[in-house]
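Visitor: From first to last, the protein sequence lines stand for chains A and B.
For the first sequence, counting from 1, position 131 maps to 610 in the working numbering; every step adds exactly one.
For the second sequence, counting from 1, position 13 maps to 41 in the working numbering; every step adds exactly one.
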Amino acid sequence: MKTRRIGMLFGLLAVFGLLAGLLSPAVAFAATSADVTITGTPTFIAITGTDSWTINGLTGDSKMDVNTTYYSNPLGDTTSPSATVVDGECKFTVTNASSNVALDLTVNIGNFSGGDAMTNSNLGTNGANSFGAYTYYSGMTYTGKVIGKTTGSAALYSDWSGSTLKWGIELKTQSGAWTSGTAETSTATITATEHV
Amino acid sequence: MKYKYIAVTILILGVMATCIACGGHGQDIQNPEITPTPTGAQPIPTELLNMPSIDVTWLSPGKVEVGNFYAGATAEYPIRVHNGNNVSTTFTVAYRIPDNYATGFLPPTPEVANWVTIIGADTPLEAYETRDLTISLSMPYGAVVPAHQWEFWISVKDNSQAGFVRTELCTRWLITMME
């Protein structure tokens with residue numbers, strides 16, 4: 480009789496342990512460190528292509544007028560590129576030194592500082608105190624130009640594996656009159672990422 | 029007597045079930061302070077690959093894919109930066125929101141900026157130096173998941189660049205959460 484009671488006691492404890500284990504699925508099947516996977520693709524991202532640009536300084540007098548569209552076009556500061564852009568209409572060159580990978584190229588254009596400090600409308604159109612910008616590259620249909628935003632621009636060139644690419648910027652100055660009369664500066668950043 | 033055998037058998041099963049339930053990684057969920065060990069493989073030695081010439085600044089790898097990620101987990105992976113300049117150069121290495129996304133991947137939430145730490149970028153790279161920087165992504169326990177698949181970039185900029193047009197190199201981090 481005593482043996483039976485001890486056995487029942489063991490049995491109750493055992494059943495309790497079994498239930499405790501099985502009724503804790505959130506813990507029992509929780510994520511484990513082995514589940515996290517990390518993979519790095521052995522590729523090299525490398526581009527070169529810093530450059531300068533004085534707006535209206537390629538063939539003009541380096542002074543900007545308001546409400547005017549300028550291009551980084553060596554053929555003329557206010558000369559629009561051809562319907563299909565050619566190398567000679569692009570001031571900038573990006574060189575691809577990457578290996579084992581195709582790239583996406585994206586261009587962001589920052590706000591100006593100094594002077595009237597035009598801001599980027601991020602719309603491609605200008606406003607009283609804002610400029611609009613687009614980017615383009617040699618070989619593209621010009622109407623396919625890409626809006627140049629401060630951040631979050633669409634890729635100018637997706638899946639690029641070439642060695643060099645000529646490209647340029649279209650910028651329409653603010654519509655409001657200048658108040659400062661002094662120079663203002665900005666930067667454009669061309670970003671290379673692996674094409675996925 | 030036979031009750032004893034039955035009881036002992038059930039007891040053993042119960043103990044085993046409890047051990048499985050409470051063992052090891054289960055604590056990751058219960059205790060957010062314990063983060064799992066990163067499982068990233070080391071990158072292939074650059075010497076074995078077709079790397080750019082020494083005088084070109086480069087970044088490797090181009091993308092890091094993290095799978096089965098979850099709140100409370102940590103993922104670390106080194107990115108390799110090479111200074112192609114013949115002088116000591118300061119680089120800005122930073123987390124950033126992507127300009128555009130891989131197919132199926134969505135933007136990070138603003139909190140993600142606080143989940144990423146970059147180790148080793150606080151001093152200039154010597155001329156032609158190649159350096160591994162550790163990128164650590166730690167998602168706090170209980171944090172809101174940005175999306176099932178989301179993306180952020182690690183940006184590398186050479187601060188010695190001047191002029192209107194400057195270049196930036198980015199590694200894509202593609203995160204897929206556990207189902």
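We treat Cβ as the ideally placed atom computed from N, Cα and C, and that holds for glycine.
From the DSSP output, read off the bridge partner residues of cysteine 198 of chain B.
Guide: Translated into the one-based positions of the second sequence, residue 198 of chain B becomes position 170. According to DSSP, cysteine 198 of chain B bridges with B/Ser183.
Visitor: Exposed or buried, which one is glycine 555 of chain A when buried takes at least 16 other CB atoms within 10 Å?
Guide: As a position in the first sequence, residue 555 of chain A is number 76, starting the count at 1. Classification of glycine 555 of chain A: exposed, given that the 10 Å Cβ count is below 16.
Visitor: Consult DSSP for proline 126 of chain B and reduce its assignment to one of helix, strand or coil.
Guide: Taking the first residue of the second sequence as position 1, residue 126 of chain B is located at position 98. Correct three-state label for proline 126 of chain B: coil.
Visitor: With a floor of 3 residues, list each beta strand (DSSP E) that falls wholly inside the region 568-597 of chain A, ordered by position along the chain.
Guide: Listed in chain order, the complete beta strand (DSSP E) runs (minimum 3 residues) inside the region 568-597 of chain A are 571-575, 582-588.
Visitor: In whole angstroms, what separates the C-alpha of serine 665 of chain A from that of alanine 155 of chain B?
Guide: In the first sequence, residue 665 of chain A corresponds to position 186, counting from 1. In the second sequence, residue 155 of chain B corresponds to position 127, counting from 1. When rounded, the distance between both Cα atoms is 28 Å.
Visitor: Between alanine 99 of chain B and serine 183 of chain B, how many whole angstroms is the CB-CB distance? I'm expecting something under 8 Å.
Guide: By one-based count along the second sequence, residue 99 of chain B stands at place 71. By one-based count along the second sequence, residue 183 of chain B stands at place 155. Not really, about 25 Å apart at Cβ, beyond 8 Å.
Visitor: Which of helix, strand or coil does DSSP assign to glutamate 93 of chain B?
Guide: In the second sequence, the residue the question calls residue 93 of chain B occupies position 65. Three-state result, glutamate 93 of chain B: strand.
Visitor: Take alanine 49 of chain B and list the residues in its own chain whose beta-carbon comes closer than 7 Å to its own, dropping the five residues that flank it on each side.
Guide: Looking up residue 49 of chain B in the second sequence gives position 21. Below a pLDDT of 50, predicted positions are generally treated as unreliable, and alanine 49 of chain B, at 41, falls in that range; no measurement from the model is reported.
Visitor: When Cβ atoms are compared, which residues of the region 127-142 of chain B fall closer than 7 Å to chain A?
Guide: Within the region 127-142 of chain B, the qualifying residues are Asp127, Asn128, Ala130.
Visitor: Could you say if the region 85-95 of chain B and the region 596-610 of chain A meet the contact criterion of at least three C-beta pairs nearer than 8 Å?
Guide: At 8 Å Cβ cutoff, the stretches do not touch.
Visitor: Helix, strand or coil, according to DSSP, for glycine 623 of chain A in the structure here?
Guide: Walking along the first sequence from the start, residue 623 of chain A turns up at place 144. The answer is helix: DSSP assigns glycine 623 of chain A an H, G or I state.
Visitor: Specify, as a first and last residue, the run of the beta strand (DSSP E) that serine 164 of chain B falls within.
Guide: Numbered from its first residue, the second sequence carries residue 164 of chain B at position 136. Segment 158-166, the beta strand (DSSP E) holding serine 164 of chain B.
Visitor: Give the residues of chain B in contact with aspartate 717 of chain A, contact being defined as C-beta atoms less than 7 Å apart.
Guide: With chain A represented from 480 up to 675, any question about residue 717 of chain A goes unanswered, as that position is not in the structure.
Visitor: Any contact of the region 580-592 of chain A with the region 625-635 of chain A, i.e. 3+ C-beta pairs under 8 Å?
Guide: Yes, the region 580-592 of chain A touches the region 625-635 of chain A.
Visitor: Quick check on this structure: which residue in A/Thr614, A/Ala634, A/Ala596 has the alpha carbon closest to the alpha carbon of asparagine 655 of chain A?
Guide: As a first step, residue 655 of chain A must be located in the first sequence, where it is residue number 176. With the sequence shown as reference, residue 655 of chain A is identified as glycine, and asparagine is not the correct amino acid for it. Ranking the options by Cα distance to glycine 655 of chain A, first place goes to A/Ala596.
Visitor: Look at isoleucine 669 of chain A and valine 193 of chain B and say whether their C-beta atoms are less than 8 Å apart.
Guide: Counting from 1 along the first sequence, the entry for residue 669 of chain A is found at position 190. Counting from 1 along the second sequence, the entry for residue 193 of chain B is found at position 165. Against a cut-off of 8 Å, the Cβ pair of valine 193 of chain B and isoleucine 669 of chain A comes out as a contact.
Visitor: If I measure Cβ to Cβ from glycine 52 of chain B and keep anything under 7 Å in the same chain, skipping five residues before and after, which residues do I get?
Guide: Reading the second sequence from its first residue, position 24 is the one you call residue 52 of chain B. Low confidence applies here, because glycine 52 of chain B scores a pLDDT of 36, under 50, leaving its location unreliable and the question unanswered by this model.
Visitor: Could you pull the start and end residues of the beta strand (DSSP E) that alanine 103 of chain B belongs to?
Guide: As a first step, residue 103 of chain B must be located in the second sequence, where it is residue number 75. Looking at the DSSP string, the run of the beta strand (DSSP E) that includes alanine 103 of chain B is 102-110.
Visitor: Would you call the CB atoms of tryptophan 143 of chain B and glutamate 179 of chain B closer than 8 Å?
Guide: Locating residue 143 of chain B in the second sequence gives position 115, counting from the first residue. Locating residue 179 of chain B in the second sequence gives position 151, counting from the first residue. Going by C-beta atoms, tryptophan 143 of chain B is not nearer than 8 Å to glutamate 179 of chain B.
Visitor: Using a Cβ distance threshold of 8 Å, determine whether the region 633-640 of chain A contacts the region 534-542 of chain A, with at least three qualifying pairs required.
Guide: Output reads no: the region 534-542 of chain A does not touch the region 633-640 of chain A.
Visitor: So is valine 515 of chain A in contact with chain B if we call contact Cβ pairs under 8 Å?
Guide: Working through the first sequence from its first residue, we reach residue 515 of chain A at position 36. Answer yes: the Cβ-Cβ gap between valine 515 of chain A and chain B drops below 8 Å somewhere.
Visitor: Are the C-beta atoms of isoleucine 203 of chain B and some chain A residue less than 8 Å apart?
Guide: Your numbering for residue 203 of chain B matches position 175 in the second sequence. So no, isoleucine 203 of chain B is outside the interface.
Visitor: Listed from N- to C-terminal order along the chain, which residues in the region 138-168 of chain B have their beta-carbon within a distance smaller than 8 Å of any beta-carbon of chain A?
Guide: If the cut-off is 8 Å between Cβ atoms, the region 138-168 of chain B has nothing near chain A.
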